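Student:
Residue numbers (the working numbering), protein chains in the order written: chain W, 551 to 700; chain D, 376 to 883.
(1) If we count Cβ pairs, one from each stretch, closer than 8 Å, do we get three or more for the segment 624-637 of chain D versus the segment 478-493 of chain D?
(2) Taking only beta carbons into account, state which residues of the segment 417-447 of chain D come closer than 8 Å to chain W, listed in chain order.
(3) Just to check my reading of the structure: residue 676(W) and residue 620(W) have Cβ atoms closer than 8 Å, yes? What is that Cβ distance to the nearest angstrom?
(4) If distances are taken between C-alpha atoms only, which option among 420(D), 394(D), 536(D) comes closest to residue 552(D)?
(5) Please list the terminal residues of the continuous alpha helix (DSSP H) segment that includes residue 941(D).
(6) Using a Cβ-Cβ cut-off of less than 8 Å, list which residues of the segment 647-667 of chain W approach chain D; keep chain order.
(7) Between which two residues does the alpha helix (DSSP H) carrying residue 445(D) extend?
(8) Under 9 Å Cβ-Cβ, which residues of chain D neighbour residue 622(W)?
(9) Anyone know if the C-beta pair for residue 422(D) and residue 396(D) falls short of 8 Å?
(10) Could you spell out the range, first to last residue, of the alpha helix (DSSP H) harbouring residue 662(D)?
(11) Against chain W, which members of the segment 517-542 of chain D pass a CB distance test of less than 8 Å?
(12) Taking 8 Å as the threshold, find out whether the segment 537-551 of chain D comes into contact with the segment 612-624 of chain D through three or more Cβ pairs.
(13) Go ahead and pull the three-state DSSP assignment for residue 882(D).
(14) Going residue by residue through the segment 624-695 of chain W, where are the continuous beta strand (DSSP E) segments of at least 3 residues, counting only ones entirely within it?
(15) Output, in chain order, the set of chain W residues within a Cβ distance shorter than 8 Å of residue 405(D).
(16) From the beta carbon of residue 671(W), is the nearest beta carbon of chain D less than 8 Å away?
(17) Could you tell me how far apart the beta carbons of residue 603(W) and residue 591(W) are, in whole angstroms, since I believe they sit closer than 8 Å?
(18) Taking the alpha-carbon positions, what's the residue 880(D) to residue 664(D) distance?
(19) So, for residue 468(D): in the same chain, excluding its five sequence neighbours on each side, which residues have a beta-carbon less than 6 Å away from its beta-carbon?
(20) Tell me, please, whether the CB atom of residue 645(W) is closer than 8 Å to any CB atom in chain D?
(21) Using the beta-carbon count (16 or more within 10 Å), is residue 472(D) buried or exposed?
(22) Tell me whether residue 497(D) sits in a helix, a strand or coil according to DSSP, three-state version.
(23) Kindly list the residues whose CB is nearer than 6 Å to the CB of residue 551(W), restricted to its own chain and excluding five residues on each side of it in sequence; keep chain order.
(24) Which residues bound the alpha helix (DSSP H) around residue 460(D)?
(25) Going by alpha carbons, who is nearest to residue 772(D) out of 859(D), 392(D), 604(D)?
(26) Just how far apart, CA to CA, sit residue 657(W) and residue 644(W)?
(27) By DSSP, does residue 798(D) sit in helix, in strand, or in coil?
(28) Whose Cβ in chain D lies nearer than 8 Å to the Cβ of residue 635(W)?
(29) Chain D beta carbons: is any one of them nearer than 8 Å to that of residue 639(W)?
(30) Report all residues from its chain with a CB closer than 7 Å to the CB of residue 826(D); omit the five preceding and five following residues, and keep chain order.
(31) Near residue 600(D), what residues of its chain come up, given a Cβ to Cβ distance below 6 Å and the 5 sequence neighbours on each side ignored?
(32) Does the distance from the C-beta atom of residue 848(D) to that of residue 731(D) stay below 8 Å?
(33) Mind the definition here: the segment 496-514 of chain D touches the segment 526-546 of chain D only if three or more C-beta pairs lie below 8 Å; say whether that holds.
(34) Label residue 882(D) either buried or exposed according to how many other C-beta atoms from any shown protein chain fall within 10 Å of its C-beta, with 16 as the threshold for buried.
(35) Taking its Cβ as the centre, do 16 or more other Cβ atoms sit within 10 Å of residue 653(W), making it buried, or is it exposed?
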């Protein structure tokens, strides 16, 4: 096989990609009280997939995460973000007022936590989906005029 | 009428109209991605823009009954939190944008179906709703940085929409790229300006700005911020000579996109400019007064002259209309540069009227594109006989653009002339009349081809635009006549709007 000399890249990236994905979620769930958050987590998550595409080729990455799925992921992210805002309206608060998400005893912060985690999850989906969509758009682009036609 | 409408509105709509006008199109834009075909996405976009229009009506009623509506996002009180602040000025703009968005959504299906590939139609409508979200957001927010975010949301969606014209004409791609570069420059200038103001004041809330800046008028930081913001927003509003992106973008975008953009996008940027000129900064600051006399007034005059001349020499109808748009922005800026309440009223009145007439003109052109494929003046020859309904509405809007009595354009030009004379600028009055004569030339050339020349292709007889397109077109054409006969309702809105920024001053 002519691609044997990539064996180290393949093995190392197989090892790294799960770690990258886990680290993305670590950054996400710690984002509310330490550096990090949905945007960074989304970038890291998307980078894991993009690394896979670089090593194993765009077609196999497209089998793993289809382009339509990436687009849907981005839309779901925005839907989640805006939806939490509307959920707060139903709870009687202002738009995006996390305290109003659900009833809780005096001094509780569960609604605040839920709100920010869901919002950041929306950002994660949105960023990861958009990054993958942009990557696919560039990587999957074929020249409209082939080189011989010039 | 609007007061009665508000009393019927449910409590939740009254409490949350400001965020819902923005959030409904945003939510629906994401749903559009999952829809299986374009027709469903079209229905969704009608529902979303219609709901947004209802919210805008509620907002307008609330502002007329109770004064300023202030909404604290997420329950965080301004100035720390993001505030949506609606007064008579932006209530009018929101109403204009949502009304045009609704009419454009209704009319869009035949032309989108013809010009956009089938698998892209639902995404096309998603991008359209994102654009509406951004434009309504810019008009509602009271936070300087939030305004930047919404400006970018609407602009990025606009670049995509313009580029989708590539199926009909590949030149849409360079036009969209040109627009992207210029638009990004404008947004960057704006955000640098906001950065300067933030450095000088430590706040991002516009109302807070207006209370702190009077003590800081000698600060170079504030003055530099002012300059950056004016250039940035001037680029977005197609202020001459920063308008170079506009003719290409309007010419090569899909017909529906041109219709929507011509009637809303530059108007919203102009609103943001007015907001900065009259509420954040005050016309009585010496550096701002100098900018009115040395920048806005000469540039407005140049736009009215140069772009009207350029419009006369275009061979393409859409390009003629695009150059005329830049010239009309000149009229609005001339009104603004008077720095009087009457001048601002006239500018805003012309802003609304121009949205109605340009929206109508581009809708009619979209109808012609749908049935005849061509937009050169030559292609329009003889259409008066084969498509009388489309072309009569086109003619009404064209007469309104020229400023013939009994049309909206006449009323706003009279208001502008009165404001100009009150200031003693007799030469500006002469300029308005001369520019109108040029409008007679460039619109008259098209009308002559439409009604008095033999058809270019006699075999294509009796091809009227579809009914779905004719109804919104005639609504706009009749609105032009209605305002021409009874300008009071719209003129009062514009008058309230300019009174809101002039009389209450810093406290708003």
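Where a beta carbon is used, it is the ideal one built from N, C-alpha and C, also for glycine. Values in this document were obtained by computation on a predicted structure and should not be read as measured data.
Tutor: On the basis of the data shown:
(1) Result yes; three or more Cβ-Cβ pairs closer than 8 Å.
(2) Listed in sequence order: 446, 447.
(3) Actually they do not touch by this definition, with Cβ atoms about 11 Å apart.
(4) Comparing alpha-carbon positions, the option among 420(D), 394(D), 536(D) lying closest to residue 552(D) turns out to be 536(D).
(5) Absent from the model: residue 941(D). The displayed extent of chain D is 376 to 883, so no value can be given.
(6) Residues of the segment 647-667 of chain W with a C-beta atom less than 8 Å from some C-beta of chain D are 647, 648, 649, 650, listed in chain order.
(7) Segment 444-447 is the beta strand (DSSP E) holding residue 445(D); no alpha helix (DSSP H) there.
(8) Here the neighbours are 408, 409.
(9) Result no, Cβ atoms of residue 422(D) and residue 396(D) do not sit closer than 8 Å.
(10) Counting along the chain, the alpha helix (DSSP H) containing residue 662(D) begins and ends at 661-666.
(11) Contacts with chain W (Cβ-Cβ distance below 8 Å) from the segment 517-542 of chain D involve no residue at all.
(12) Inter-segment contact for the segment 537-551 of chain D and the segment 612-624 of chain D is present: three or more beta-carbon pairs are separated by less than 8 Å.
(13) Legend: pLDDT at residue 882(D) = 38, less than 50; position of this residue unreliable, value from coordinates given subsequently. Helix, per DSSP.
(14) For the segment 624-695 of chain W, not a single whole beta strand (DSSP E) run of length 3 or above is found.
(15) Here the neighbours are 625, 626, 628, 629, 632.
(16) Not closer than 8 Å to any Cβ of chain D, the Cβ of residue 671(W) fails to qualify, so no.
(17) Contact check for residue 603(W) and residue 591(W): beta-carbon distance about 19 Å, past the 8 Å limit, so the pair fails to qualify.
(18) Note that residue 880(D) scores 47 on pLDDT, short of 50, meaning its location in the model is unreliable; the coordinates nonetheless yield the value given after this. Rounded to the nearest whole angstrom, the CA to CA distance from residue 880(D) to residue 664(D) is 16 Å.
(19) Within the same chain, residue 468(D) has close Cβ partners 514, 646.
(20) At least one C-beta of chain D is nearer than 8 Å to the C-beta of residue 645(W).
(21) Burial call: buried.
(22) DSSP places residue 497(D) in helix when its eight states are reduced to three.
(23) Model confidence at residue 551(W) stands at a pLDDT of 47, short of 50, so the residue's coordinates are unreliable; what they give is reported in the following sentence. Hits under 6 Å: none found.
(24) For residue 460(D), no alpha helix (DSSP H) segment is defined; the enclosing uninterrupted segment is the beta strand (DSSP E) at 458-461.
(25) Nearest C-alpha to residue 772(D): 859(D).
(26) Residue 657(W) and residue 644(W): Cα-Cα distance of roughly 19 Å.
(27) DSSP places residue 798(D) in coil when its eight states are reduced to three.
(28) Here the neighbours are 394, 398.
(29) The C-beta of residue 639(W) comes closer than 8 Å to at least one C-beta of chain D.
(30) Contacts found: 759.
(31) Excluding residues up to 5 positions away in sequence, 568, 571, 572 lie with their Cβ nearer than 6 Å to the Cβ of residue 600(D) in the same chain.
(32) For residue 848(D) and residue 731(D), no; Cβs fall outside 8 Å.
(33) Yes: the two stretches touch, three or more of their Cβ pairs being nearer than 8 Å.
(34) Below a pLDDT of 50, predicted positions are generally treated as unreliable, and residue 882(D), at 38, falls in that range; no measurement from the model is reported.
(35) Exposed, since its Cβ has fewer than 16 Cβ neighbours within 10 Å.
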